[in-house]
Amino acid sequence: MLDRLFGGDVLVATTKALDASALRQQVIANNLANVNTPGFKRQDVQFEDQLSRALAQKSNPCAPASSVAIDKIRPCVVTVNSTSERADGNNVDMEMENVNMADNTLRFDALAQSVAGFFAGLKAVISGGK
Amino acid sequence: MSIGTSLQISASGLTAERLRLDVISNNLANVNTTRGADGQPFRRQEVVFASRNGGGSFASALSSARGGGRTGDAAGAGVQVVSIRPDMGRDFKVVHDPGHPDADAQGNVKMPNVEPVVEMVDMISATRAYEAGVTAINSAKQMQAKALEIGR
């Protein structure tokens with residue numbers, strides 16, 4: 000009961016997503032900083048698929064014991080070697096990085112607003128709605 | 000893993016692109032310089048960028064040791080200029096101008112190997128990369144401001 004009052008898995012998942020979003024911002028900033036570095040390969044952050052797997056396993060009572068708990072998942076940086084359309088071997092696409100950055104910023108804002116709303120609700124409960 | 004790191008990374012990109020712009024400006028300023036440092040005409044310079052590796056920090060080693068699981072690659076830590084080197088791949092342009100003070104016996108003058116068109120294209124590329132870095136910094140600032148609103 001108390002665990003649910005203080006957020007439980009939802010709050011943990013949201014803060015994890017905030018962490019992932021901050022890391023993604025860092026990775027995109029690095030991709031943009033290296034847009035003119037020969038041979039540089041862009042990096043990406045994998046997180047959402049891990050989170051959805053963890054959430055699906057949580058709601059499934061028959062999930063194996065080896066399944067990953069929500070508080071154990073962590074965002075993972077991967078280097079994308081597949082595509083290169085430039086002669087210097089660099090595969091950073093500035094438009095795509097900018098779109099990803101705008102998307103990531105909005106996502107971070109939404110998550111931060113959700114966490115802030117949760118704490119505002121908690122505050123209202125503690126003060127008895129006064 | 001913090002927004003401050005994003006700012007540092009973007010700042011390294013801005014520094015590198017500005018230095019590149021400085022070198023381009025120097026090339027353009029010396030487009031007609033026939034007396035360089037070694038008595039030869041001015042030779043075009045170019046910057047060499049290299050990505051900075053972010054794997055070596057204590058924090059990343061600690062987090063990978065604590066996590067134990069799949070850690071993936073280390074996130075990069077920006078860009079750096081490793082050298083400014085003379086462009087040896089392009090020869091000096093030879094112009095016939097007998098009135099020039101540096102003309103040889105046949106009236107030919109060796110001019111710098113600077114191509115203004117190439118420099119202009121490089122300049123646009125550097126400016127766009129700089130703008131992208133500024134956008135990334137503004138984005139990181141916005142995220143940081145939003146995070147500060149949590150618990151207010």
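So the protein sequences, as listed, match chains A and B.
When the letters of the first sequence are read in order and numbered with numbering that gives the first Met the number 0, they come out as residues 0 to 129.
When the letters of the second sequence are read in order and numbered with numbering that gives the first Met the number 0, they come out as residues 0 to 151.
Ideal Cβ positions, reconstructed from N, Cα and C, are used throughout, including at glycine.
Straight-line gap, residue i to residue j (C-alpha atoms, nearest Å)
i: Ser138/B; j: Ile69/A; result: 28 Å
i: Asp109/A; j: Asn103/A; result: Per the sequence presented here, residue 109/A reads as Ala, with Asp not at that position. So the alpha carbons of these two residues sit roughly 10 Å apart.
i: Leu147/B; j: Glu16/B; result: 31 Å
i: Leu22/A; j: Met110/B; result: 50 Å
i: Glu94/A; j: Gln44/B; result: 29 Å
i: Lys15/A; j: Tyr129/B; result: 31 Å
i: Gln143/B; j: Ala115/A; result: 14 Å
i: Gly98/B; j: Asn89/A; result: 47 Å
i: Ser24/B; j: Ala86/A; result: 25 Å
i: Asp96/B; j: Asp103/B; result: 9 Å
i: Gln105/B; j: Gly35/B; result: 21 Å
i: Thr78/A; j: Ala123/A; result: 45 Å
i: Ile123/B; j: Pro85/B; result: 21 Å
i: Ala101/A; j: Ser20/A; result: 11 Å
i: Ser82/B; j: Phe48/B; result: 8 Å
i: Lys140/B; j: Val26/A; result: 15 Å
DSSP state of residue i mapped onto helix, strand, coil
i: Glu96/A; result: helix
i: Val77/A; result: strand
i: Ser126/A; result: coil
i: Ala68/A; result: coil
i: Ala36/B; result: coil
i: Val133/B; result: helix
i: Phe48/B; result: strand
i: Ala86/A; result: coil
i: Arg17/B; result: helix
i: Gly150/B; result: coil
i: Phe41/B; result: coil
Cβ shell of residue i (< 6 Å), same chain only, five flanking positions each side left out
i: Ile149/B; result: none
i: Ala135/B; result: Ser9
i: Gly12/B; result: Val78, Gly132
is_contact[residue i, chain A] using C-beta, thresh 7 Å
i: Glu118/B; result: no
i: Asp121/B; result: no
i: Gly150/B; result: yes
Residues near residue i in its chain [Cβ-Cβ closer than 7 Å; skip 5 each side]
i: Asp90/B; result: Asn112
i: Ala111/A; result: Leu17
i: Leu18/B; result: Val46, Val80
i: Pro213/B; result: The displayed coordinates of chain B run from 0 to 151. Any statement about residue 213/B would go beyond what the structure contains.
i: Pro115/B; result: Leu27, Val30
i: Ser50/B; result: Gly75, Val78
Any C-beta of chain B under 7 Å from that of residue i
i: Thr14/A; result: no
i: Phe39/A; result: yes
i: Leu105/A; result: no
i: Val124/A; result: no
i: Lys10/A; result: With the sequence shown as reference, residue 10/A is identified as Leu, and Lys is not the correct amino acid for it. With 7 Å as the cut-off, Leu10/A does not count as an interface residue toward chain B.
i: Asp48/A; result: no
Own chain residues within Cβ distance below 8 Å of residue i, not counting five before or after
i: Val91/A; result: Asn30, Leu31, Asn33, Val34, Phe39, Arg41
Jot down the residue ranges of each uninterrupted beta strand (DSSP E) in the segment 3-56 of chain A, minimum 3 residues, whole runs only, in chain order. Runs of the beta strand (DSSP E) inside the segment 3-56 of chain A: 42-45.
Which parts of the segment 68-126 of chain B are runs of the beta strand (DSSP E), unbroken and 3 residues or longer, counting only runs that do not cross its ends? Taking 3 residues as the minimum length, the beta strand (DSSP E) runs contained wholly in the segment 68-126 of chain B are 78-85, 92-95, 107-110, in order along the chain.
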